Amino acid sequence: MFEKIEWKTAYNLNVPTIDSQHQQLVVIANELYDLANGDKDTYQRGIATALKKLVDYTDYHLKFEEDFLRSKGYPQIDFHKMQHDQFISQINAQVKKLTDPHQQDGLVLYEYLLKWLLNHIAKSDKAWSLHVLSK
1 MFEKIEWKTA YNLNVPTIDS QHQQLVVIAN ELYDLANGDK DTYQRGIATA LKKLVDYTDY
61 HLKFEEDFLR SKGYPQIDFH KMQHDQFISQ INAQVKKLTD PHQQDGLVLY EYLLKWLLNH
121 IAKSDKAWSL HVLSK
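Under the numbering used here, the first residue of the sequence shown is numbered 1, with each subsequent residue one higher.
In structure tokens form, the structure reads like this:
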């Protein structure tokens, strides 16, 4: 199982606003991790709020990033947006599973979220950052 992670400067893209938003996504994901590893009652009381915060902030960030890339004329924006759309679809599917909350499901969501986010930053976001920073 995935362990809780902390933001590392190696994840930065050198675009401060986006880096800050990525850090906030990790903070929100870690809140989910803490709930899923805490006691059952706290998890059941807090999971709905944590999931709403996660979905809302993820939606905000991805739209912000897409608008940023359009403003910079990033040529692969359509492909990048498709990756975001697939991610949102997967997150929404996993969130629906949590209507009857079990802590193990929260950990599965956390693992998926962190794997996707860190992989996406390291590959797709790094590609656009190199394009944007070279201009």
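Ideal placement from N, C-alpha and C gives every residue a C-beta, glycine not left out.
Because the structure is a prediction, the values reported are computed rather than measured.
Excluding sequence positions up to five before and after serine 129, its CB lies within less than 7 Å of the CB of Leu13, Asn14, Val15, all in the same chain and listed in chain order. For tyrosine 110, the CB contacts under 7 Å within the same chain, skipping 5 residues up- and downstream, are Phe2, Ala29, Leu32, Tyr33, Ala36 in chain order. In this structure, the CA atom of glutamate 66 is about 11 Å from the CA atom of glutamine 83. For the region 77–121, the full-length alpha helix (DSSP H) segments reaching 4 residues or more read 77–97, 103–120 along the chain.
The shortest C-alpha to C-alpha distance from aspartate 39 to any of Asp78, Gln104, Leu113, Val108 is the one to Gln104. At the C-beta level, threonine 49 and isoleucine 88 stay beyond 8 Å of one another.
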